[in-house]
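Visitor: With numbering that gives the first Met the number 0, letter number 511 in the sequence shown gets 510, and the count goes up by one each step, no holes.
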Amino acid sequence: MSASFLPTSLDEIRRLGWEQPDVILFSGDAYVDHPSFGAAVIGRVLEAQGYKVALVPQPNWRDDLRDFRKLGRPRLFFGVSPGAMDSMVNHYTAARRLRHDDAYTAGGRHGQRPDYPGIVYTRILKELFPDVPVALGGIEASLRRVAHYDYWQDRLRPPYLLDATADILIYGMGERPVTELARRLDQGEKISDITDIAQTAFIAPSGPVNDSPDIVLSSYEACLKDKRKQAANFKIVEVESNRMHGHVMWQQAQGKWIRINPMLPPMTSAELDSVYDLPYTRVPHPRYKGKTIPAYEMIRHSVTMHRGCFGGCAFCTISAHQGKFISSRSQQSILKEVRQITGMADFKGYISDLGGPSANMYRMGGRDRSACEKCERPSCLHPKPCPNLDNDHRPLLDLYRKASALPGIKKCFVGSGVRYDLAMAHNPDNRINETNREYLRELIEKHVSGRLKVAPEHTSDHVLAIMRKPPFQLFHRFKEFFDHVNEHAGLRQQLIPYFISSHPGCTEIDMAELACETKKLNFRLEQVQDFTPTPMTVSTEIYYTGIHPYTGEKVYTARGESEKKAQRKYFFWYDSDARADIRQHLMRLHRPDLVRRLFGSTHNTPERGSKNNRNYKSPQRRK
Numbered sequence: 000m001s002a003s004f005l006p007t008s009l010d011e012i013r014r015l016g017w018e019q020p021d022v023i024l025f026s027g028d029a030y031v032d033h034p035s036f037g038a039a040v041i042g043r044v045l046e047a048q049g050y051k052v053a054l055v056p057q058p059n060w061r062d063d064l065r066d067f068r069k070l071g072r073p074r075l076f077f078g079v080s081p082g083a084m085d086s087m088v089n090h091y092t093a094a095r096r097l098r099h100d101d102a103y104t105a106g107g108r109h110g111q112r113p114d115y116p117g118i119v120y121t122r123i124l125k126e127l128f129p130d131v132p133v134a135l136g137g138i139e140a141s142l143r144r145v146a147h148y149d150y151w152q153d154r155l156r157p158p159y160l161l162d163a164t165a166d167i168l169i170y171g172m173g174e175r176p177v178t179e180l181a182r183r184l185d186q187g188e189k190i191s192d193i194t195d196i197a198q199t200a201f202i203a204p205s206g207p208v209n210d211s212p213d214i215v216l217s218s219y220e221a222c223l224k225d226k227r228k229q230a231a232n233f234k235i236v237e238v239e240s241n242r243m244h245g246h247v248m249w250q251q252a253q254g255k256w257i258r259i260n261p262m263l264p265p266m267t268s269a270e271l272d273s274v275y276d277l278p279y280t281r282v283p284h285p286r287y288k289g290k291t292i293p294a295y296e297m298i299r300h301s302v303t304m305h306r307g308c309f310g311g312c313a314f315c316t317i318s319a320h321q322g323k324f325i326s327s328r329s330q331q332s333i334l335k336e337v338r339q340i341t342g343m344a345d346f347k348g349y350i351s352d353l354g355g356p357s358a359n360m361y362r363m364g365g366r367d368r369s370a371c372e373k374c375e376r377p378s379c380l381h382p383k384p385c386p387n388l389d390n391d392h393r394p395l396l397d398l399y400r401k402a403s404a405l406p407g408i409k410k411c412f413v414g415s416g417v418r419y420d421l422a423m424a425h426n427p428d429n430r431i432n433e434t435n436r437e438y439l440r441e442l443i444e445k446h447v448s449g450r451l452k453v454a455p456e457h458t459s460d461h462v463l464a465i466m467r468k469p470p471f472q473l474f475h476r477f478k479e480f481f482d483h484v485n486e487h488a489g490l491r492q493q494l495i496p497y498f499i500s501s502h503p504g505c506t507e508i509d510m511a512e513l514a515c516e517t518k519k520l521n522f523r524l525e526q527v528q529d530f531t532p533t534p535m536t537v538s539t540e541i542y543y544t545g546i547h548p549y550t551g552e553k554v555y556t557a558r559g560e561s562e563k564k565a566q567r568k569y570f571f572w573y574d575s576d577a578r579a580d581i582r583q584h585l586m587r588l589h590r591p592d593l594v595r596r597l598f599g600s601t602h603n604t605p606e607r608g609s610k611n612n613r614n615y616k617s618p619q620r621r622k
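Pasting the structure below:
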C-alpha cells in the first residue's frame, strides 16, 4: 500500500514538486483515505489516470474564504462533493431538530459543513474562479438532480443545478463520468461543449429537439401547480434510473432547460476491482492528529463486496444513486483487501463487515441478461421475486469460507443488513434452495457478532406493500429458523429487526397492531425510527403529493407532529407512562380488542434486560 495521501495543503503540493494540481476536490467530509469515502475514491481514480489531484476537506465557508483560495486554481476543474450523506439528513433529525454530532467529522464535531454544501461550495468557487469548470457530485447531487421535494424546507425545489452554480452535475457512482470529464477537458474541449457524458446533467443553451426519443418531464412550475405532475415525473425518473439503457431526460425550470443524461450500465467486476485495488492508506489524513472520526471507526476493518441493490424499498435512495443492478468485485480483489486489513497495526483478527448495501446480493442478477436489459421493474423482489432472478448464495458462501481461512483472521462478521426474503425466496432449482439454507445457517452460526440486523420495517401487509417489502409472515418464518439454528448451535444471539413509524399508508391502528405483533414475538423496542422523507424516493413523493406515483391513488400519511407522536408511542407500549394514553386512544378508535392484546395479560411481556431488549438504530442505507 502507498504511504502517501492526496495533498491537502500548499506545503504538501510543493513537497511533491507540483507546479499546479490538475484537479482540486472539495469535500464536506473529513479526509479518510479509504474506499468507503467518496472523495478518496474519486481522487485515487483520477490519480491512477495520471492526474495530479489535491483535496480540500471541509473548507471554512464562514471566514475570508482562504480555504477556497489556498491551493489556487486547478489546471482542469474543481470537483465538489457535499459528503457521503445528504447534508440535511446529516444535520437534522426526522423531527427537524438539529443534530449535535457529525460522524464524518474529526471528533464527531457538528458544524463543519453548511446546509446544502453543494450550493455553498460551488457558488464560492464560481465567484472566486469564474472561468474554472466546477463539477458537482455525491449523493446530495444524485437525489436532487431534478425538481424535488425538500422535507426540511417543506417545499418543492428546482433541480439542484439552478441553485448550485456548477457547470456540470455528476450523479450516481462517479468514477467513470469524472474520468471521462477529465480526459476531455485535458484534450482541450470546453466544458460547455461536453454534453454527452452519461450520468451527467447540465443547464443546456436550448431545449429538446422535436421528434427525438428524449423524455420531457413536466416543468418545475407545472409541478408546483399540480402535485400529480410531480408524482408522474417521479415515476418516469425512477423507471429510467432502474433501466440498463435509459433515455435522455429534460426538465424546464425558471426559464432554463436541464438535460439529464442516462445512467451507465453497471461496472464490470474488472472495473470495480480497479477502483478498490488502488493504493489507499486506509486511514485518516495525519492533519487530524489522532482525533476519532466516527464513520471511519465503523468501517476501518470492513470490506465492501458489491454495489447496487435490487430490493427497491420505497423509502430507500440506494437505487437512485448506485443503481438497481449489482456490480460485484472478484473474489480475488476482496481477499486481497482482507489480507491488507490483516496487516494494519490495530487489527485484532476480526473483519467487522463483509457486506454491501444489502449484504447478501453479491454476484446476483438475472439469469437471462437480455431480459434485464429490457426490464423496468423498480424491484426484483416485490411484489414477488422475479422469476429471472438468480438468488444462489453459493458464491457468497464460498467467499465467507475463504476469507475466514486466511492467516490472521479469527472471525469475518457480516455487519450490513441482510435480506432474509432473498435468502428464503423459492428457487426452481432445489439445489439452490438447499444452498441458501446452508448460507443462512452458516451466517447465523459463524458470521454474526451476537446481533443480526434485518429489516421487516412493519407488520401490516398493506403498509409493507407500499414500502415494497414482503409480508410480515415471512419474518415469522425467518425468526423460527434463526431461533432453531441458535438453539442447535448453543448460541444466545439476538435478532435485531428494524421498524418504521409514520410511513405513508400507516395509521395509528397499524402501529397498535405492530405493537401487538412485536409483543407476541417478545421484542421490546426502546428507540424508534420515524419516516424521514428524502428526495428521490417513492415514499417521499407520496408524503408530498398525497398520491402513489404508480397507481394515482390517494394515500394517507401522518404529517403533523401530533400524528407522528400518536404513532410513535406504540413502540413504547410496555412503558407505564404510555399505557394510559394508548388505552385512551384505542378506546376512542373503538378497538378494545387491541387494548386486550396489549394489556389484557402480562405473561408474555418481556422484562428489561431480556435477550430481545435492545436499542433500535436506523440503518445507514436510509440516507
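For each residue, glycine too, the CB sits at the ideal point set by N, CA and C. Predicted, not measured: the structure shown is a model, and the values here were computed from it.
Could you name each continuous beta strand (DSSP E) segment of 3 residues or more that falls completely within the stretch 147-194, going from the start of the chain to the end?
Guide: Complete beta strand (DSSP E) runs here, min 3: 147-149, 154-156 and 167-169.
Visitor: Please specify which runs of the beta strand (DSSP E), each continuous and at least 3 residues long, are wholly inside the stretch 291-378, giving them in chain order.
Guide: Counting whole runs of 3 or more residues, the stretch 291-378 contains the beta strand (DSSP E) stretches 301-303 and 352-354.
Visitor: What's the gap between the Cα of Q321 and the Cα of G137?
Guide: When rounded, the distance between both Cα atoms is 11 Å.
Visitor: Please say whether A358 and V447 have beta carbons closer to each other than 8 Å?
Guide: In this structure, A358 does not lie closer than 8 Å to V447 by Cβ.
Visitor: Under 8 Å, do S318 and N241 count as touching if we go by C-beta distance?
Guide: For S318 and N241, yes; Cβs fall inside 8 Å.
Visitor: How is A454 classed by DSSP in three states: helix, strand or coil?
Guide: Note: A454 maps to strand in three-state DSSP.
Visitor: Tell me which same chain residues have a C-beta within less than 6 Å of the C-beta of R596, skipping the five on either side of it?
Guide: C515.
Visitor: Based on Cα-Cα distance, which residue from H90, G416, R74 and G49 lies nearest to T533?
Guide: With distances taken between Cα atoms, T533 lies closest to H90.
Visitor: Quick check on the DSSP output: the beta strand (DSSP E) that includes R258 runs from which residue to which?
Guide: Its beta strand (DSSP E) spans residues K255 to I259.
Visitor: Restricting to Cα atoms, I'd like to know which of H244, S35 and R154 is closest to D213.
Guide: Comparing Cα-Cα distances from D213 to each of H244, S35 and R154, the minimum goes to H244.
Visitor: With a threshold of 8 Å on Cβ separation, who are the neighbours of V31 within its own chain once the five nearest residues in sequence on each side are excluded?
Guide: Closer than 8 Å at Cβ, skipping near neighbours: A39, V282, P283, H284, I292, A294 and Y295.
Visitor: Taking its Cβ as the centre, do 16 or more other Cβ atoms sit within 10 Å of P591, making it buried, or is it exposed?
Guide: Exposed: under 16 other Cβ atoms inside 10 Å.
Visitor: Tell me where the beta strand (DSSP E) around Q251 begins and ends.
Guide: Q251 -> beta strand (DSSP E) spans M248 to A252.
Visitor: Report the three-state DSSP secondary structure of K234 (helix, strand or coil).
Guide: Of the three classes helix, strand and coil, the one that applies to K234 here is helix, per DSSP.
Visitor: Write down the C-beta distance between A105 and Y287 rounded to the nearest angstrom, noting that I regard them as a contact closer than 8 Å.
Guide: That belief holds up - the Cβ atoms of A105 and Y287 are roughly 4 Å apart, short of 8 Å.
Visitor: Out of curiosity, what's the CA-to-CA distance linking T601 and K290?
Guide: With a pLDDT of only 45 at T601, under 50, the local geometry of the prediction cannot be trusted, and the value read off the model is given with reservation. When rounded, the distance between both Cα atoms is 48 Å.
Visitor: Can you look up V40 in the DSSP assignment and give me helix, strand or coil?
Guide: In this structure, V40 counts as helix in the three-state DSSP scheme.
Visitor: From H381 to P470, what distance separates their C-alpha atoms?
Guide: If I take the Cα positions, the gap works out to 10 Å.
Visitor: Quick one: grab the DSSP three-state call for D389.
Guide: D389: strand per DSSP, three-state reduction.
Visitor: Output the boundary residues of the alpha helix (DSSP H) element that contains G117.
Guide: Unbroken alpha helix (DSSP H) run through G117: P116 to L127.
Visitor: Taking the alpha-carbon positions, what's the S500 to F530 distance?
Guide: Each residue's Cα considered, the two are about 6 Å apart.
Visitor: Indicate the three-state DSSP secondary structure (helix, strand or coil) for C411 in the structure shown.
Guide: Reduced to three states, the DSSP call for C411 is strand.
Visitor: Among Y399, K383, H483 and M248, which residue has its Cα nearest to the Cα of R144?
Guide: Considering only alpha carbons, the answer is M248.
Visitor: Smallest Cα separation from L442: which of G416, H457 and H425?
Guide: It is G416 whose Cα lies nearest to the Cα of L442.
Visitor: Considering just the uninterrupted stretch of the beta strand (DSSP E) at V497, what are its terminal residues?
Guide: Going by the sequence as given, residue 497 is Tyr instead of Val. Run containing Y497: Q493 to S500, per the beta strand (DSSP E) assignment.
Visitor: Once the 5 residues before and after Y361 are set aside, which same chain residues still bring their CB inside 8 Å of it?
Guide: The residues are M304, H305, I325, S327, G355, P394, L395 and L398.
Visitor: Name the one or two DSSP bridge partners that F77 has.
Guide: Partner(s): I23 and V133.
Visitor: Whose C-alpha, out of Y159, M87, L45 and A203, is nearest the C-alpha of V177?
Guide: Among Y159, M87, L45 and A203, the Cα nearest to that of V177 is on L45.
Visitor: Could you check what DSSP says for I196 in three-state terms: helix, strand or coil?
Guide: Coil.
Visitor: Am I right that H457 and F498 are in contact with their C-beta atoms under 8 Å? What's the rounded C-beta distance?
Guide: At roughly 6 Å, the Cβ-Cβ gap stays under 8 Å, so H457 and F498 are in contact.
Visitor: Could you say if the stretch 225-235 and the stretch 193-203 meet the contact criterion of at least three C-beta pairs nearer than 8 Å?
Guide: Too few Cβ pairs lie closer than 8 Å, so no.
Visitor: Just to confirm, is the Cβ distance from L593 to E512 under 8 Å?
Guide: The answer is yes: Cβ separation under 8 Å.
Visitor: Mapping the DSSP letters down to three states, classify Y275 as helix, strand or coil.
Guide: If DSSP states are grouped into helix, strand and coil, Y275 belongs with the helices.
Visitor: Counting along the chain, where does the beta strand (DSSP E) carrying A53 start and finish?
Guide: A53 -> beta strand (DSSP E) spans V52 to P56.
Visitor: Put F67 into one of helix, strand or coil per three-state DSSP.
Guide: In this structure, F67 counts as helix in the three-state DSSP scheme.
Visitor: Thinking C-alpha only, which one of M172, G364 and K373 is nearest V274?
Guide: Of the listed residues, the one whose Cα sits closest to V274 is M172.
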